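Colleague: Structure provided below as structure tokens; questions to follow.
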Amino acid sequence: RKEVEQDPGPFNVPEGATVAFNCTYSNSASQSFFWYRQDCRKEPKLLMSVYSSGNEDGRFTAQLNRASQYISLLIRDSKLSDSATYLCVVNGRGYSTLTFGKGTMLLVSP
Amino acid sequence: NAGVTQTPKFQVLKTGQSMTLQCAQDMNHNSMYWYRQDPGMGLRLIYYSASEGTTDKGEVPNGYNVSRLNKREFSLRLESAAPSQTSVYFCASSEAPGGGYGYTFGSGTRLTVV
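Sequence lines, in order, name chains S and X. 1 is the number of the first residue of the first sequence in the working numbering; add one for each residue after it. 1001 is the number of the first residue of the second sequence in the working numbering; add one for each residue after it.
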């Protein structure tokens, strides 16, 4: 299994839709989990951390399932501005660095 | 609030030329990282510095060297550029090794080697 795996998409959704992304990770001892957002030709930016109890930030909800080693991101009421690539990020082996998934592309259309 | 600053933003090199990519952060972070991003490959770690005075190899270190000049600055050097090093290079920093609070990225350097 690759360290961090994501469906590359693209996910094409209309404005107002709800969309969910999943990500699986291989290192059962990982402790830190994040979702980053990357716009075209820009740097990745932290969207939210993912906690064991799950967390919500406005229209965004992140969940962690340690038993199955997957992380999810739910976006409600999609906006055109949500169009971007979403990167799943996990502690790498040795915990000194973070390992990034290849990303899932989201395209929100009018 | 500058965050992480990378220079240059764009560069074209000829095969065999050398250059240094500069990175500086003003957040008093201890750890710094260099990644490259290629289409279909995602972000791959080249080198990192967990703290001032230390550097370690990442996933793809061949062809690169780094220097942690001080707590603020972490440079990446290509001694003899090759077309395979055409990529977008991102520098990042974090408060602690392992990025427990996440990384802050610079805006990137787009490098083309011809």
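We put the beta carbon where it would ideally sit given N, CA and C, even for glycine. Fair warning: this is a prediction, and the values are worked out from it, not measured in the lab.
#1: Among X:L1021, X:V1004, X:G1003, which has the Cα closest to the Cα of Q1011 of chain X?
#2: Grouping DSSP H, G and I as helix and E and B as strand, with all else coil, what is S1093 of chain X?
#3: Hey, A1081 of chain X and M1019 of chain X are a contact pair by Cβ (cut 8 Å); roughly how many whole angstroms apart?
#4: State the Cα-Cα distance for the pair L74 of chain S and T1109 of chain X, rounded to the nearest angstrom.
#5: With 16 as the cutoff for other CB atoms within 10 Å, does Q38 of chain S come out buried or exposed?
#6: Would you give the residue range spanned by the beta strand (DSSP E) that Q1011 of chain X belongs to?
#7: Taking C-alpha atoms, which residue in X:E1059, X:N1030, X:F1105 lies nearest to R1072 of chain X?
#8: Cα separation between P110 of chain S and S1049 of chain X?
#9: F60 of chain S and V50 of chain S: beta carbons closer than 8 Å?
#10: Name the residues in the region 79-108 of chain S whose C-beta lies less than 7 Å from a C-beta of chain X; which are they?
#11: Does the beta-carbon of G103 of chain S have 16 or more other beta-carbons within 10 angstroms, so that it is buried, or is it exposed?
#12: Could you check what DSSP says for Q1085 of chain X in three-state terms: helix, strand or coil?
#13: Taking the DSSP output, what are the residues bridged to G1042 of chain X?
#14: Tell me whether D1056 of chain X sits in a helix, a strand or coil according to DSSP, three-state version.
#15: For T1104 of chain X, which residues in the same chain have their Cβ closer than 6 Å to its Cβ, ignoring the five residues on either side in sequence?
Modeller: In terms of the structure at hand:
#1: Taking the first residue of the second sequence as 1, we reach residue 1011 of chain X at position 11. Answer by Cα proximity: X:L1021.
#2: By one-based count along the second sequence, residue 1093 of chain X stands at place 93. Of the three classes helix, strand and coil, the one that applies to S1093 of chain X here is strand, per DSSP.
#3: Within the second sequence, the letter at position 81 stands for residue 1081 of chain X. Within the second sequence, the letter at position 19 stands for residue 1019 of chain X. Yes, A1081 of chain X and M1019 of chain X are in contact; Cβ-Cβ is about 7 Å, under 8 Å.
#4: Counted from its first residue, the first sequence places residue 74 of chain S at position 74. Counted from its first residue, the second sequence places residue 1109 of chain X at position 109. Whole-angstrom Cα-Cα distance: 32 Å.
#5: As a first step, residue 38 of chain S is located in the first sequence; it is residue number 38 there, counting from the start. Buried is the call here.
#6: Mapped onto the second sequence, residue 1011 of chain X falls at position 11. Counting along the chain, the beta strand (DSSP E) containing Q1011 of chain X begins and ends at 1010-1013.
#7: Position 72 of the second sequence, counting from 1, holds the residue named residue 1072 of chain X. The candidate whose alpha carbon is nearest that of R1072 of chain X is X:N1030.
#8: The residue labelled residue 110 of chain S in the question sits at position 110 within the first sequence. The residue labelled residue 1049 of chain X in the question sits at position 49 within the second sequence. Cα to Cα, the separation comes out at about 44 Å.
#9: The residue given as residue 60 of chain S occupies position 60 in the first sequence. The residue given as residue 50 of chain S occupies position 50 in the first sequence. Contact flag unset, no.
#10: N91, Y95, S96, T97, L98, F100, G101, K102, G103
#11: To locate residue 103 of chain S, count along the first sequence from 1; it is residue 103. So G103 of chain S ends up on the buried side.
#12: Within the second sequence, residue 1085 of chain X is the residue found at index 85, counting from 1. Three-state DSSP puts Q1085 of chain X in a helix.
#13: Working through the second sequence from its first residue, we reach residue 1042 of chain X at position 42. For G1042 of chain X, which the question treats as bridged, DSSP gives the partners X:D1038.
#14: Residue 1056 of chain X sits at position 56 when you count from the first residue of the second sequence. Residue state, collapsed to three classes: strand.
#15: Along the second sequence, one-based indexing puts residue 1104 of chain X at 104. So the qualifying residues of the chain are G1003, V1004, S1093.
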